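Protein sequences appear in the order of chains A and B. The numbers in numbering that gives the first Met the number 0 rise by one with no breaks, and the one at position 43 of the first sequence is 42. The numbers in numbering that gives the first Met the number 0 rise by one with no breaks, and the one at position 92 of the second sequence is 91. Beta carbons: idealized from backbone N, C-alpha and C, even for Gly. Computed from a predicted structure; not experimentally measured. Working notes for the structure below.
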Amino acid sequence: MLVKTALEAGYITCQTCGKLSAIDVVKCPLCYRNLAPRQLKSLQNTLAWLCTAILLYLPANFLPIMFTQQFSQYYSATIVGGVIDLWQQQAYFIAIVIFMASIVVPIIKIVILLWLVVSVKYYREHHQKQRSIMYRLTEIVGRWSMIDVFVVAILVALFQLGGVITIIPGPAALAFAGVVATTMFAAKSFDSRLIWDHVNTEGKQH
Amino acid sequence: MDDKIACLECDLLIAPPILNAKQSAYCPRCHALITAKSYNNLQYSLAFALSGLLLMLVANFFPFLIFDSQGQILNMNLWQSAWTLYQYEEHFLAFLTAVFIIGLPFLLCFTLVYLLFPMIFLRKLWFSGQTVARVFFEVRIWSMSEVFLLGVLVSLTKIMTMADVRVGISFWAYVLFVFCLSAALANLDRYRFWHYTQRIINLQRGHHVS
């Protein structure tokens, strides 16, 4: 069997519904999406979103994510501080979940996407399958980073109801939501088909 | 053109898979899922989406968390997590929270019913069904109800030592809602959904149906 892509055969694949259209069709006849052979300016857009994510990652980690007020005393907590607190309360499992979701996942996601962009741009013919798996991974795990923002939202609402403690959302919460959103946009604007383009597929047996 | 399909992740041109009920198809080159087991089907998806809608309704009208503070019982409902952020002038964050945990999950359930009910029972699409379906597939990744649920568990662990907090009816409804939404989305196979949509469009145009 000859390995051939839809583009080489003269078709455009719709990324939403998977329908093949002739190369000169502008709008997908099945789902009305605007068609392009590959996502327009995929690498540029991905890189731009990634830069934004890296910039937002700094305030997200160094500024406090929430303030705790008790008897006119203020405490502020950063994301890392929250993880350390949980660890000291011996909630090890939850501490690991938060640590993974808030600190490890965003970094890994940014690194993987940077690697994908660079590898597509410069050396094209290594580890395609691994890179595909990596890309799929970034798409799946990205949303789970939002967990810390939701924790703040719940705590803020709970302690506003009454009691001696008040919790106020900090500036890092919005920055962190921004990190999650921008990395999700970065993953979405990366076109995984670029990993496999320029591979010499003609006549290759599979 | 209809006798070929392409892998969405690497654009490899392949023949449409012919599978029995327990087989899934993966791209031979990049191993992306092409179509999942067909006993995960659109009927299940519709059923779960309908139950999800009802549960979401329940989740909106009962206390989510119950806070017992010095004999005073205080209720927090589902919307309050977003609403309190709004009161603290975090308007954009409040908007994102409301959309991610209530708005989008609810809309996804509603859209699924809007799309699948006429497809399955009436063999047609309701008003701008194709556009609605495209938007559905583009925004489904932004629904974060299951992440919120994990967030609730983390918050409860964090404050267990500080306060007496119990979960209310709305919490359990939301748990079931998350289960239903996940099941509805897992049973919705992209390839089969669009294949079926195409057949309905052909039917409406009076073309030969294969």
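- B:K36 does not reach chain A, its nearest Cβ partner there being about 18 Å away, counting only Cβ pairs nearer than 8 Å.
- Looking at the backbone, the Cα of B:A183 and that of B:L115 are separated by about 11 Å.
- Taking the beta carbon of B:D10 as reference, the chain A residues within 7 Å of it are T4, A5, L6, T12, R192 and W195, listed in sequence order.
- Taking 8 Å as the upper bound on Cβ-Cβ separation, chain A lies near residues Q129, T130, A132, R133, F136, E137, I140, W141, M143, V146, F147, L149, G150, V151, L152, V153 and S154 of the region 123-154 of chain B.
- At a cut-off of 8 Å between beta-carbon atoms, A:K108 makes no contact with chain B.
- In the three-state reduction of the DSSP assignment, A:R37 falls in the coil class, being assigned neither a helical nor a strand state.
- Ranked by Cα distance from A:I139, the options A:F98, A:Q38, A:L46 and A:V179 are led by A:V179.
- Taking 8 Å as the CB threshold, B:W171 stays off the interface with chain A.
- The alpha-carbon of B:E8 is positioned some 21 Å away from that of A:T181.
- Residue range I146 to Q159 is occupied by the alpha helix (DSSP H) that includes A:D147.
- Residue contact with chain A for B:Y190: present (Cβ-Cβ distance below 8 Å to some residue of chain A).
- Here DSSP, grouped into helix, strand and coil, assigns B:R28 to coil.
- Taking a contact to require three or more Cβ pairs closer than 8 Å, the region 133-153 of chain B and the region 93-106 of chain B qualify as touching.
- Counting along the chain, A:Y10 sits inside no alpha helix (DSSP H); it lies in the beta strand (DSSP E) bounded by residues Y10 to T12.
- Any Cβ of chain B closer than 8 Å to the Cβ of A:M145 would place that residue at the interface, and such an atom is present.
- Taken through DSSP and simplified to helix, strand or coil, A:T15 comes out as coil.
- Contact residues of the region 67-86 of chain A toward chain B are G81, D84 and L85 (C-beta to C-beta distance below 9 Å).
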